[in-house]
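Here the protein sequences line up with chains A and B, keeping their order. Counting along the first sequence from 1, when you hit position 39 you're at 39 in this note's numbering, and nothing is skipped either side. Counting along the second sequence from 1, when you hit position 10 you're at 10 in this note's numbering, and nothing is skipped either side. Glycine residues also receive a C-beta, built at the ideal position from the N, C-alpha and C atoms. In what follows, a structure is listed as structure tokens, so that the remarks can point back to it.
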Amino acid sequence: MSNIDFQQLVDRQYAALYRFALSLAKSEADAADLTQQAFFLWASKGHQLRDRSKAKSWLFTTLYREFLGRRRHEVRFPSVELDEVREEEVAISPNINAFDSATVVQALQEVEEPFRAPLTLFYLEQFSYQEIADMLAVPIGTVMSRLSRGKCLLRQRLLSKEEALGNKVVPFSSKKSGESHG
Amino acid sequence: MDNREAKFILNAYRPGGEDASDPLFAEALVQAQRDPVLARWFNESIAFDTAVTEKLCDVAVPADLRENILAGVKVTRPRRWSRPLLNWGIAAALVLMAIGGSLVWHKTRPVALAGWQNNAIGVISTIAQGESKFDFQSHSAPELVSWLATHDAPFAKKIPDRLTGLHSLGCKTFLWNGIPASVICFMRNDGGLVHLVVTTPAAQGNAGTESQPRIASQGGWTTATWRTRDAVYMVALEGSQEQLRSYLL
Numbered sequence: 001m002s003n004i005d006f007q008q009l010v011d012r013q014y015a016a017l018y019r020f021a022l023s024l025a026k027s028e029a030d031a032a033d034l035t036q037q038a039f040f041l042w043a044s045k046g047h048q049l050r051d052r053s054k055a056k057s058w059l060f061t062t063l064y065r066e067f068l069g070r071r072r073h074e075v076r077f078p079s080v081e082l083d084e085v086r087e088e089e090v091a092i093s094p095n096i097n098a099f100d101s102a103t104v105v106q107a108l109q110e111v112e113e114p115f116r117a118p119l120t121l122f123y124l125e126q127f128s129y130q131e132i133a134d135m136l137a138v139p140i141g142t143v144m145s146r147l148s149r150g151k152c153l154l155r156q157r158l159l160s161k162e163e164a165l166g167n168k169v170v171p172f173s174s175k176k177s178g179e180s181h182g
Numbered sequence: 001m002d003n004r005e006a007k008f009i010l011n012a013y014r015p016g017g018e019d020a021s022d023p024l025f026a027e028a029l030v031q032a033q034r035d036p037v038l039a040r041w042f043n044e045s046i047a048f049d050t051a052v053t054e055k056l057c058d059v060a061v062p063a064d065l066r067e068n069i070l071a072g073v074k075v076t077r078p079r080r081w082s083r084p085l086l087n088w089g090i091a092a093a094l095v096l097m098a099i100g101g102s103l104v105w106h107k108t109r110p111v112a113l114a115g116w117q118n119n120a121i122g123v124i125s126t127i128a129q130g131e132s133k134f135d136f137q138s139h140s141a142p143e144l145v146s147w148l149a150t151h152d153a154p155f156a157k158k159i160p161d162r163l164t165g166l167h168s169l170g171c172k173t174f175l176w177n178g179i180p181a182s183v184i185c186f187m188r189n190d191g192g193l194v195h196l197v198v199t200t201p202a203a204q205g206n207a208g209t210e211s212q213p214r215i216a217s218q219g220g221w222t223t224a225t226w227r228t229r230d231a232v233y234m235v236a237l238e239g240s241q242e243q244l245r246s247y248l249l
């Protein structure tokens, strides 16, 4: 791959890769590091990829594996038992337009990791369930289940934040709308 | 298919409509057209997904990330201090480098070395100044080589004999114009540092590199560069040619 090709690949993918890494790693420094490492590995091993059109999914997959590898080394915590995660259908939908991007990312980061990765791939780059299954090396049914549950969990997190936000702005809103506090 | 099953499937449906012709969604989509309750849920779900996508795509990316990727300098890697003695040794060596050597480097940047060599010295300089960290630290050079090998980075098939007698400090991987390279830093007996950089022959481009070390000096740095069939090596230190030669013999 020529320098120009490499630069074009970086230009096309680095922002989305960083955002995916941020949802996984929870820290900007770690996210930047994971993104750089994915490109480093591309420079080292990317030539082995026969189908160049798959460079994008290769980078996302590599970044995810790198994240899992580091997490294994750095943190010892019990894996989330997926069946134990409560899935409650959220009847009320959060008003997502009330949040800034940082808050949405924060809510996403609060979703358990097994759900977070497919959710981010789905939202960020609009990968298909099949592509996500390939990237995460899990069956299609698992991806669909995790997307379904993950969305539910994300809504719950956002509703909690909306509640907190609402509590903070109640006095201001009330005055503005002319309501009396008695 | 009941609405619960339909919702389960439609949760994987992308809001951009890319999945409209995917048979997996066909039945659920038909049901969403028939059932007003499911239709309302589906429309709301699509709107929610679209909004989340927009919010995520608004997340700011660090201003210097692109340049760091292209320069190959991983400046944000968190510290991995784990061995007190080793750490004190590294800290002392880097302080000495920062006070003495890197000042020389910044005032007299090399101008005649090849691009990848300048980049390598730049990376070494960022380590010396604490702007970037080793990827992996060890007093054992074979351990560092092994780490590089398992991380798909260029590594020395054979470390020059005189370097194997020194304490290694750590290693770092980096890119130059998309070409991978690595550096291992060693502590010299006089308290300075000497570095072994390895990259692929692609870094040299059409410029030839000999199999015997070719020595060059500039900007306070002295380098020796040679190549094997599948790698290009550079030993670099801040000091004289005599000092460098003593690590090549």
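Taking 8 Å as the CB-CB cut-off, is Ala25 (chain A) touching chain B?
-> Interface criterion not met: the Cβ of Ala25 (chain A) is under 8 Å from no Cβ in chain B.
At which residues does the beta strand (DSSP E) containing Ala102 (chain A) begin and terminate?
-> In the DSSP annotation of this structure, Ala102 (chain A) is not part of any beta strand (DSSP E); the continuous alpha helix (DSSP H) holding it starts and ends at Ser101 to Glu110.
Local conformation of Phe174 (chain B) per DSSP, three classes | In the three-state reduction of the DSSP assignment, Phe174 (chain B) falls in the strand class.
CB contact below 8 Å: Gly16 (chain B) versus chain A | At least one chain A Cβ lies under 8 Å of Gly16 (chain B).
Does any C-beta atom of chain B lie closer than 8 Å to the C-beta of Met144 (chain A)?
-> By this cut-off, Met144 (chain A) is an interface position.
Establish whether the CB of Pro62 (chain B) and some CB of chain A are separated by less than 8 Å.
-> Closer than 8 Å to some Cβ of chain A, the Cβ of Pro62 (chain B) qualifies, so yes.
Looking at the structure shown, is Glu238 (chain B) part of a helix, part of a strand, or coil, going by DSSP?
-> Per DSSP, reduced to three states, the secondary structure at Glu238 (chain B) is strand.
Check whether the Cβ atoms of Ser140 (chain B) and Ser168 (chain B) sit closer than 8 Å, and answer yes or no.
-> The Cβ-Cβ distance between Ser140 (chain B) and Ser168 (chain B) falls below 8 Å.
Kindly list, in the order they appear in chain A, the residues whose Cβ is closer than 7 Å to that of Asp58 (chain B).
-> Those are Ser101, listed as they occur along chain A.
On the DSSP bridge assignment, give the partners of Ala181 (chain B) in chain order.
-> Ala181 (chain B) is bridged by DSSP to B:Phe174 and B:Thr199.
Determine the direct distance from the alpha carbon of Ile215 (chain B) to that of Ile124 (chain B), and round the result to whole angstroms.
-> Going from the Cα of Ile124 (chain B) to the Cα of Ile215 (chain B) covers about 19 Å.
Could you please give me the residues that DSSP links to Ala216 (chain B) through a beta bridge?
-> By DSSP's assignment, Ala216 (chain B) forms a beta bridge with B:Thr223.
Nonlocal neighbours in the same chain, by C-beta distance under 6 Å from Arg19 (chain A), ignoring five residues either side = Excluding five sequence positions before and after Arg19 (chain A), the CB atoms of its chain that fall closer than 6 Å to its own CB belong to Leu124, given in chain order.
Can you give, in chain order, each stretch of the alpha helix (DSSP H) that sits fully within the region 1-82 of chain A and has at least 4 residues?
-> Runs found: 3-25, 28-45 and 55-74.
Measuring only between beta-carbons, confirm whether Leu244 (chain B) sits less than 8 Å from chain A.
-> With 8 Å as the cut-off, Leu244 (chain B) does not count as an interface residue toward chain A.
Provide the residue span of the alpha helix (DSSP H) that contains Lys7 (chain B), from first to last.
-> In the DSSP annotation of this structure, the continuous segment of the alpha helix (DSSP H) that includes Lys7 (chain B) starts and ends at Asn3 to Leu10.
What residues of chain B sit near Tyr18 (chain A), judged by a beta carbon separation below 9 Å?
-> For Tyr18 (chain A), the chain B residues whose C-beta falls within less than 9 Å of its own C-beta are Val59, Val61, Pro62 and Leu65, listed in chain order.
Could one say the Cβ of Thr35 (chain A) lies closer than 8 Å to chain B's Cβ atoms, at least one of them?
-> By the rule that beta-carbons nearer than 8 Å mark a contact, Thr35 (chain A) touches chain B.
In DSSP terms, what Val194 (chain B) is bridged to = Beta-bridge pairing by DSSP links Val194 (chain B) to B:Phe186 and B:Leu237.
Taking buried to mean at least 16 other C-beta atoms within 10 Å of its own C-beta, is His151 (chain B) buried or exposed?
-> By the Cβ neighbour-count rule, His151 (chain B) is buried, with 16 or more other Cβ atoms within 10 Å of its own.
Helix, strand or coil: how does DSSP classify Leu169 (chain B) here?
-> The answer is strand: DSSP assigns Leu169 (chain B) an E or B state.
Show which residues of chain A have a CB atom less than 7 Å away from the CB atom of Ala153 (chain B).
-> Neighbours of Ala153 (chain B) in chain A, taken as residues whose beta carbon is under 7 Å from its own, are Ser44 in chain order.
Coarse secondary structure for Arg126 (chain A), derived from DSSP in three states | It is worth fixing the name first, because residue 126 (chain A) is Gln in this sequence and not Arg. It is coil, neither helix nor strand.
Note down the Cα distance separating Pro154 (chain B) from Lys151 (chain A), rounded to an integer number of angstroms.
-> Their backbone Cα atoms lie some 42 Å apart in a straight line.
Residues of chain A with a CB under 8 Å from the CB of Asn11 (chain B): which are they?
-> By Cβ distance, chain A contributes Met144, Leu147, Ser148 and Lys151.
Start and end residues, alpha helix (DSSP H) containing Asp64 (chain B) | Asp64 (chain B) -> no alpha helix (DSSP H), and no H or E assigned at all.
Return the first residue and the last residue of the alpha helix (DSSP H) that Asn95 (chain A) is part of.
-> Secondary structure note for Asn95 (chain A): it is in no alpha helix (DSSP H), with a DSSP letter that is neither H nor E.
Interface flag, Leu22 (chain A) vs chain B, CB-CB below 8 Å | Interface criterion met: the Cβ of Leu22 (chain A) is under 8 Å from a Cβ in chain B.
Could you check how far apart the C-beta atoms of Phe115 (chain A) and Arg149 (chain A) are, in whole angstroms? I think they sit under 8 Å.
-> In this structure, Phe115 (chain A) and Arg149 (chain A) form a Cβ contact; the two beta carbons are roughly 6 Å apart against a cut-off of 8 Å.
Bridge partner(s) assigned by DSSP for Val232 (chain B) | Looking at the DSSP output, Val232 (chain B) sits in a beta bridge with B:Thr199 and B:Arg227.
Can the beta-carbon of Leu23 (chain A) be found less than 8 Å from the beta-carbon of Val105 (chain A)?
-> Inspection of the sequence shows that residue 23 (chain A) is occupied by Ser rather than by Leu. Here Ser23 (chain A) is near Val105 (chain A), since their CB atoms are less than 8 Å apart.
Stretch-stretch touch, CB-based, cutoff 8 Å, three pairs: the region 47-61 of chain A with the region 128-135 of chain A | Contact holds: three or more Cβ-Cβ distances are below 8 Å.
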